[in-house]
Amino acid sequence: MKPIPINKQQALVDRLANACGGSYSPDTRRKYFLTGPQWAAAYEGQALFHAPTRSPITFEKVIEAYGKIGIGHWCTHDTDVIATDDLGKEGQEKTISKIKSSLKKNGVACSMVTTETFHHAVFAASPAAESPQIRQYASWRLCNTVQMGHQLGASYAVYWPGTLGYSVQGAVEETETLRWYAEGLNAACRADIEIAGKMGRPTLKHCMEAKPFEPQAEILLPTSDAMLGFISSGLLEHPEMVGLNPEYLHELMWGAAPRAALARALLCGKLWHFDINDGYRLKHDVDIAVGLVNPLDWLNVLVLLRSHEYNGPFNLDYKPPRTTSRHGVFSVSFPTAVDRFITLWEMAGEVMTDSILKEAVDALKAGGPRVKDHRDAEGIAASHKELLTLHELIAHRLFQILIGQHRGRIYSL
Ligand code: GCO
Ligand code: MN
Ligand code: MN
């Protein structure tokens, strides 16, 4: 094989990406409530054991690229776009107005803002640390983000309390820390009501995002379920303003069935925002792009969301692999992630109208012939014995739909 000259590599990748086919137009992509995070596109590939593999990029370039791809919404942490030292000062206002014009120019809207409460040294002991001064600073940061959100036209604020926990035992008193954490959210909701009132805008939807481990060894609110308990604990002044932003991989990481976690959030009326990605059970937060690891599970997740008319954002919270170049982030990583999502979403529609699945599900719900004696376990089991084979047939049919066999994709051997 002949080496591929450096100046021919981008063209090769682009040609093969086009040859893959199956991509949607930017206009089609815009019809879905897809949101692109500043931090995902700007991720340089760095981690504890990894040096960056990509160069830095500005929000102007990210917004422009999202606009071209057809990702209609953008979201950001406060410090993705404003240096910590500039927050709440003149620099912040200047940046906000630059962001607004970038968004306008590229036909992209800001959907969500979030506060970085995990990276800076001030949050070493979490935003709900023992010291009142640290907590006051954290509350101010949350309120400042709410303000930014309103200025940028966002509808959602997300909270990922990644440092709310401990690595060594004994120093953190859990009930106290959770009370302190609630005070921060209470301050943000109060600020929201005030700012929204002044600006004549609806209040934001405040969405909590759980991750079971990493960066702390032990996390105080490790799962979406723990957060549902926290929201209804009585610690929040405005529980009606606070819901969830589950992340697919974060639920998978602790060994859950993400679809079941989402179902519990739906039942509580708290599924407001959804971070979409993929990865592996009981591993660290690899943030692989949607559908690359568990496409069948993803299909099932989207069937659940479609059948419950979920209409919140699908946030592309994944990290383009370190092996993808800066060019590749926008020519391969984002467009293919979006296109897999759309394909799976449309496929979920096919699942919902598939006549075989429908008949099987209806038959299971109808059950077998009624047994006279309601205490007759043997009789009831016998009455359903053959019918229950449909469970496995349903799984097979979903596989067929996933790989296109229901449309005639067969191998003649
Ligand atoms: C992660 C988290 C973050 C959050 C983001 C929004 O995996 O690191 O999911 O990406 O979603 O900080 O608050
Ligand atoms: Mn996330
Ligand atoms: Mn993650």
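Going left to right, the sequence shown walks through residues 20 to 432 as my numbering numbers them. Heads up, the beta-carbon is just placed ideally off N, CA and C, and yes, glycines get one too.
| Check | Outcome |
| --- | --- |
| Simplified DSSP state of E365, which is helix, strand or coil | helix |
| P340: CB within 8 Å of a non-hydrogen atom of ligand 1 | no |
| Best match in H303, T242 and L204 for proximity to H435 [C-alpha to C-alpha] | What is shown of the chain runs 20 to 432, which leaves residue 435 out entirely. |
| Pick from V305, Q111 and E193 that is closest to M167, judged by C-alpha positions | Q111 |
| Buried versus exposed, by CB contacts within 10 Å (16 or more), S251 | exposed |
| Exposure of H169, with buried meaning 16 or more beta-carbon neighbours within 10 Å | buried |
| V32, enclosing beta strand (DSSP E) - first and last residue | Per DSSP, V32 belongs to no beta strand (DSSP E); it is in the alpha helix (DSSP H), I25 to C39. |
| Residues sharing a beta bridge with H69, DSSP | A66 |
| Which listed residue (Y175, P45 and L363) has its alpha carbon closest to that of G262 | Y175 |
| Option in K377, V309 and I399 with minimal Cα separation from W364 | V309 |
| 9 Å Cβ cutoff met for G91 and R48 | yes |
| heavy atom of ligand 3 below 8 Å from K230 C-beta | yes |
| Beta-carbon proximity check, A144 vs T182, cutoff 9 Å | yes |
| Extent of the continuous beta strand (DSSP E) to which Y175 belongs | Y175 to Y178 |
| Enclosing alpha helix (DSSP H) for L286 [first to last residue] | P277 to L286 |
| Exposed unless 16 or more other CB atoms sit within 10 angstroms - verdict on F68 | exposed |
| Distance cut-off 8 Å: T103 Cβ against heavy atoms of ligand 1 | no |
| The segment 312–319 in contact with the segment 78–90 per 3-pair CB rule at 8 Å | no |
| Segment limits, beta strand (DSSP E) that includes L263 | V261 to L263 |
| Distance cut-off 8 Å: E270 Cβ against heavy atoms of ligand 2 | no |
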